[in-house]
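Anchor point for the sequence shown: position 40 equals 44 in our numbering, and the numbering is continuous, going up by one each time. Using N, Cα and C, we set each Cβ at its ideal position, and we do this for glycine too. This one's a predicted model, so the numbers in the text were calculated from it and none came from an experiment.
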Amino acid sequence: MLNIQNLTVSYSHLQVLWDVSLEVKKGEIVTLIGSNGSGKTTLVSSVMGFVPASSGTITFADTPITGLPTYEIVHHHLNLVPETRKLFGKMTVRENLMLGSYMNHKDFDIEYIYSLFPILQERQDQYAGTLSGGEQQMLAIGRCLMSGPEMIILDEPSLGLSPKYVHTVLDTINALNKEGLTILLVEQNVKRALEISHRAYIIENGRIVLSGPADKMLHDPHVKEAYLGM
């Protein structure tokens with residue numbers, strides 16, 4: 005569904021990604037693992053059109069999207085839940101959710117979002133800026149889903165959340181995948197991410213250094229030492 009081939013990205017004269025190739029097949033959860041500064045967010049930003057590629061190709065659902073503006077990529081039913089959430093703090097929960105549906109021609113049902121995250125229905129008239137971190141992350145995911153995507157990219161969805169909300173968010177991601185949503189997951193909770201994923205890639209210093217089935221990655225010596233503290 006998402007296919008990245010030999011992607012190179014530079015900021016001015018500083019090369020950040022080096023010939024990165026990655027594939028997410030329809031119906032999969034694929035996790036991208038890497039330390040801070042490894043190139044994860046740059047890769048996601050390039051896929052979504054925020055950062056131009058220096059070379060290489062990106063296709064989604066057999067459609068070339070390299071160099072397309074972000075709104076056109078979203079129109080092709082690929083969307084992002086960014087690390088910083090980017091909610092409108094002085095708008096209500098419901099208003100934030102409805103903003104997510106402005107390009108959706110399927111008349112997406114907000115009640116579905118409330119069924120995923122009942123707390124959002126309870127808070128629907130509350131300003132987004134007054135929500136807890138976990139509630140804001142649920143809202144960011146809900147807003148993304150309101151666009152009617154066939155695939156979503158989640159950039160560090162559990163970052164800064166309490167253990168309770170980490171479990172809630174990752175369990176919901178797993179449930180969405182079981183309903184048919186394709187997912188690229190960038191996640192610092194490596195063990196839990198691998199447990200719910202089909203495959204994974206390791207990125208270090210802007211290069212993919214390892215990839216394979218998630219269950220095998222859990223037992224890979226390099227992954228265990230570098231990312232699982234074992």
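Contact annotation: I206 and V227 have beta-carbon atoms nearer than 8 Å.
Note on the segment 127-155: whole alpha helix (DSSP H) runs with a minimum of 4 residues are 137-149, in chain order. Taking C-beta atoms as the reference points, P86 and G71 fail to come closer than 8 Å.
As for any beta strand (DSSP E) of minimum length 3 sitting wholly inside the segment 39-108, the runs are 59-64 and 82-85, ordered along the chain. Looking at H80, S59, L120 and Q130, the one whose alpha-carbon comes closest to that of D66 is H80. With fewer than 16 other beta carbons inside 10 angstroms of its own, F92 counts as exposed. M142 and I117 have their alpha carbons spaced roughly 9 Å apart.
If you look at P217, you'll find it in the beta strand (DSSP E) that goes R211 to P217. The segment 23-39 and the segment 199-219 touch, with no fewer than 3 CB-CB distances between them shorter than 8 Å.
Shortest Cα-Cα distance from T176 to any of E191, H202, L188 and I145 involves I145. With a cutoff of 8 Å on beta-carbon distance, V190 and E160 are scored as near each other. In this structure, I37 sits away from V51, with a CB-CB distance that is not shorter than 8 Å.
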